[in-house]
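Undergrad:
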Amino acid sequence: DAGVIQSPRHEVTEMGQEVTLRCKPISGHNSLFWYRQTMMRGLELLIYFNNNVPIDDSGMPEDRFSAKMPNASFSTLKIQPSEPRDSAVYFCASSLIGGNTIYFGEGSWLTVV
Amino acid sequence: GNSVTQMEGPVTLSEEAFLTINCTYTATGYPSLFWYVQYPGEGLQLLLKATKADDKGSNKGFEATYRKETTSFHLEKGSVQVSDSAVYFCALSVSNTGNQFYFGTGTSLTVIP
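Note that the protein sequences, when read in sequence, are chains A and B. Add 430 to a position in the first sequence, counting from 1, and you land on the number used in the working numbering. Add 51 to a position in the second sequence, counting from 1, and you land on the number used in the working numbering.
Spelled out as structure tokens, the structure:
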């Protein structure tokens with residue numbers, strides 16, 4: 431079975447550019463999460479969706495970050511404009527609501543120079 | 052509120068040594084408890100879980116017992132291998148939080164031959 435699929439796996443971009451990260455959750459899962467991982471701050475929840483509706487976006491660092499989930503099989507996390515401090519690994523994860531196990535993708539490794 | 056506190060690392064052990072990584076939690080409801088493992092350059096993978104008090108989760112020689120009286124879920128392995136070198140995350144989910152998952156800060160384990 432396909433797991434959570436993220437793209438791109440690696441991206442290097444210049445400061446000020448727009449970055450779009452993509453995620454396809456596990457088929458049938460109805461809850462989707464975006465996390466950011468850095469050495470300094472560890473694993474941080476940015477936002478999560480239930481049934482394509484954002485439930486908690488309190489972890490989104492600032493207005494430069496936005497996330498959408500237009501349908502059950504696709505989500506994007508956008509950073510515009512990007513800054514060097516946004517360099518991190520961004521993980522997407524999915525689960526069933528009430529299913530009590532969360533599955534992670536392999537991450538998108540973002541470097542902003 | 053809901054939170055997880057786990058033993059800070061890094062932890063360095065010799066091959067075949069006994070491993071314990073401590074994890075304690077606070078929860079407003081009846082949580083499910085998890086250990087996730089992250090190998091270098093990869094996403095988090097579910098290692099084991101327990102969904103109710105006194106349950107023992109086990110996988111790949113790792114074990115953890117859900118102790119409600121001490122609000123703990125310590126990870127143990129009797130004989131570690133070099134291939135166990137990774138970062139280990141304790142986590143909980145509570146069904147009354149809209150499918151929210153709470154992760155600890157992670158404990159880095161290095162096993163030397």
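Positions of the beta carbon are idealized from the N, C-alpha and C atoms, including for glycine. Since the model is a prediction, treat every value here as computed from it, not as a measurement.
(1) Name, going along the chain, the residues of the stretch 84-106 of chain B whose beta-carbon falls closer than 9 Å to a beta-carbon of chain E.
(2) Within 8 Å of any Cβ in chain B, is that where the Cβ of GLY472 of chain A sits?
(3) Would you mind sorting LYS111 of chain B into buried or exposed? The rule is 16 or more other CB atoms within 10 Å of its CB.
(4) DSSP on SER146 of chain B, reduced to helix/strand/coil?
(5) Measure the alpha-carbon distance for THR161 of chain B versus THR102 of chain B and round it to whole angstroms.
(6) From which residue to which residue does the beta strand (DSSP E) around ALA523 of chain A run?
(7) In the DSSP assignment, find the unbroken beta strand (DSSP E) run with PHE85 of chain B in it and report its ends.
(8) Straight-line CA distance for PRO82 of chain B to THR116 of chain B?
(9) If you reduce the DSSP assignment to three classes, tell me which class SER503 of chain A lands in.
(10) How close, in whole Å, do the beta carbons of TYR533 of chain A and ILE456 of chain A come, if the pair is a contact with beta carbons under 8 Å?
(11) MET445 of chain A: which of A:ARG494, A:GLY535, A:SER503, A:TYR520 sits nearest, CA to CA?
(12) Under a Cβ-count criterion, where at least 16 other Cβ atoms within 10 Å of its own Cβ denotes burial, should VAL442 of chain A be classed as buried or exposed?
(13) Shorter than 8 Å from the beta carbon of ASN150 of chain B to some beta carbon of chain A?
TA: Straight from the coordinates:
(1) The question asks about chain E, but that chain is absent: this structure's protein chains are A and B.
(2) As a position in the first sequence, residue 472 of chain A is number 42, starting the count at 1. Yes, because at least one Cβ of chain B sits closer than 8 Å to the Cβ of GLY472 of chain A.
(3) Your numbering for residue 111 of chain B matches position 60 in the second sequence. So LYS111 of chain B counts as exposed.
(4) Counting from 1 along the second sequence, the entry for residue 146 of chain B is found at position 95. Looking at SER146 of chain B - three-state DSSP - the assignment turns out to be helix.
(5) Taking the second sequence and counting its residues from 1, one reaches residue 161 of chain B at position 110. Taking the second sequence and counting its residues from 1, one reaches residue 102 of chain B at position 51. Whole-angstrom Cα-Cα distance: 29 Å.
(6) Start at 1 with the first residue of the first sequence, and residue 523 of chain A comes out as number 93. First-last of the beta strand (DSSP E) with ALA523 of chain A: 518-525.
(7) Against the second sequence, residue 85 of chain B aligns to sequence position 34. Here the beta strand (DSSP E) through PHE85 of chain B covers 83-89.
(8) In the second sequence, residue 82 of chain B corresponds to position 31, counting from 1. In the second sequence, residue 116 of chain B corresponds to position 65, counting from 1. Taking the straight line joining both Cα atoms gives about 13 Å.
(9) As a working mapping, residue 503 of chain A is identified with position 73 in the first sequence. Of the three classes helix, strand and coil, the one that applies to SER503 of chain A here is coil, per DSSP.
(10) In the first sequence, counting from the first residue as 1, residue 533 of chain A sits at position 103. In the first sequence, counting from the first residue as 1, residue 456 of chain A sits at position 26. Confirmed, about 6 Å.
(11) Here residue 445 of chain A corresponds to residue number 15 of the first sequence, with the count starting at 1. Ranking the options by Cα distance to MET445 of chain A, first place goes to A:ARG494.
(12) Within the first sequence, the letter at position 12 stands for residue 442 of chain A. When all chains shown are included, VAL442 of chain A counts as exposed.
(13) Position 99 of the second sequence, counted from the start, is the residue given in the question as residue 150 of chain B. Judged by the 8 Å Cβ criterion, ASN150 of chain B is in contact with chain A.
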